[in-house]
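Per my numbering, the sequence shown starts with residue 11, numbered consecutively.
The beta carbon of each residue, even a glycine, is placed where N, CA and C say it ideally should be.
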Amino acid sequence: MAAFTDKVVWITGASSGIGEALAVAFAKEGARLVLSSRREPDLQRVAALTGLPPERVLVLPIDMRQGETFSYKVVQVRKYFGRVDVMVHNAGISQRSFARDTLVDVDRKLMEVNYFGPVALTKALLPLMQKQGGGHLVVVSSLVGYFGTPMRSAYAASKHALHGFFEALRAEESGHNIHVTMICPGYIRTNISVNALTERGEKHNQMDDNQANGIPPEECAQKIIRAVAANKQEALIGGREVVGVYLKRFVPGIFSKMLNGYNVK
Ligand SMILES: NC(=O)c1ccc[n+]([C@@H]2O[C@H](COP(=O)([O-])OP(=O)(O)OC[C@H]3O[C@@H](n4cnc5c(N)ncnc54)[C@H](OP(=O)(O)O)[C@@H]3O)[C@@H](O)[C@H]2O)c1
11 MAAFTDKVVW ITGASSGIGE ALAVAFAKEG ARLVLSSRRE PDLQRVAALT GLPPERVLVL
71 PIDMRQGETF SYKVVQVRKY FGRVDVMVHN AGISQRSFAR DTLVDVDRKL MEVNYFGPVA
131 LTKALLPLMQ KQGGGHLVVV SSLVGYFGTP MRSAYAASKH ALHGFFEALR AEESGHNIHV
191 TMICPGYIRT NISVNALTER GEKHNQMDDN QANGIPPEEC AQKIIRAVAA NKQEALIGGR
251 EVVGVYLKRF VPGIFSKMLN GYNVK
């Protein structure tokens with residue numbers, strides 16, 4: 011795919027899972043990379059995995075809850091590469107707790123990382139994308155961006171919110187050559203359940219069966235890259251769980267009853 015040769019691709023959540031697989035896959039496509047998340051040693055590990063020389067990969071630690079730092083992060087990327095062609099909003103945390111038990115602080119944390127972080131980073135980046143004549147925003151949502159499932163109330167809310175924001179933005183920026191692709195994974199074999207928050211904001215620390223049996227992150231990354239290259243508005247990626255999106259759309263009453271007994275792990 012020549013689509014990404016020398017393109018600058020900025021990936022958040024690049025220290026593990028889908029983000030790590032995306033970094034390796036975009037590097038193979040000839041892209042230059044900016045790798046962001048909180049854990050710098052893991053970002054350095056991923057940078058080494060890509061095999062890119064230092065002038066083609068920038069490790070830029072970021073905390074998605076610290077929106078006040080984002081303008082300066084954009085300045086750092088602009089100084090290093092001069093532009094950002096593709097922004098992949100991939101950083102995220104999940105949840106394993108019932109709404110009734112979950113501290114509101116935990117709801118807020120999930121919204122800060124999963125929703126306000128990408129919103130603030132996009133706002134910091136848009137002037138550069140407009141100035142350079144365009145860009146592509148890739149938003150890693152989830153199937154629960156389309157429907158809520160048990161023990162994911164705040165997580166589902168944060169992913170739903172992304173759809174509203176970025177659909178509106180797509181329409182607003184259509185005249186500026188700025189594109190939006192929403193990525194909705196189902197079960198992908200990463201540490202997302204291990205890192206998920208419990209009702210008190212502690213780590214769930216368990217590899218859930220659905221994740222353990224999910225598709226490999228490398229396969230997910232390939233599908234994301236194909237969707238971005240084709241400038242798709244959305245891509246549903248996973249196993250048979252993606253059928254949920256169509257059930258919700260066409261037989262919402264039946265789907266709602268199915269969720270009542272749904273295996274949340
Ligand atoms: N795996 C699935 O089944 C699945 C399904 C649907 C959607 N998704 C979505 O896919 C995305 C990637 O998740 P994953 O499956 O690859 O899980 P993961 O391995 O747990 O990766 C999550 C990434 O987000 C970063 N992150 C978490 N909190 C952050 C913060 N405050 N600031 C900056 N970075 C932060 C983590 O890096 P640091 O710890 O270094 O900060 C890590 O790189 C998420 O948005 C998730 O919601 C995953």
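Burial state of Glu183 is buried, judged by a 10 Å Cβ sphere holding 16 or more other Cβ atoms. Within the model, the alpha-carbon separation for Cys230 versus Leu120 is close to 23 angstroms. Taking the C-beta atoms as reference points, Val148 is found no nearer than 7 angstroms to Thr200. Beta bridge pairing from DSSP links Glu244 with Met192. For ligand 1, no non-hydrogen atom lies closer than 6 angstroms to the CB of Met97. Sequence-distant Cβ neighbours of His170 in its own chain, meaning closer than 7 angstroms and more than five residues away, are Gly155. Around the beta carbon of Ala58, a 10 Å sphere encloses fewer than 16 other beta carbons of the protein chains shown; the residue is thus reported as exposed. For Val116, the uninterrupted alpha helix (DSSP H) segment begins and ends at Val114 to Met121. Its chain contains Asn220, Gln221, Asn223, Gly224, Ile225, Gly248, Gly249 and Glu251 as the residues whose beta carbon lies nearer than 8 angstroms to that of Tyr197, once the 5 sequence neighbours on both sides are disregarded; these appear in chain order.
At least one heavy atom of ligand 1 is found less than 6 angstroms from the C-beta of Pro195. Assignment of beta strand (DSSP E) within the stretch 185 to 237, counting only whole runs of 3 or more residues, yields 188 to 195 in chain order. As a beta-bridge residue in DSSP terms, Val18 pairs with Arg42.
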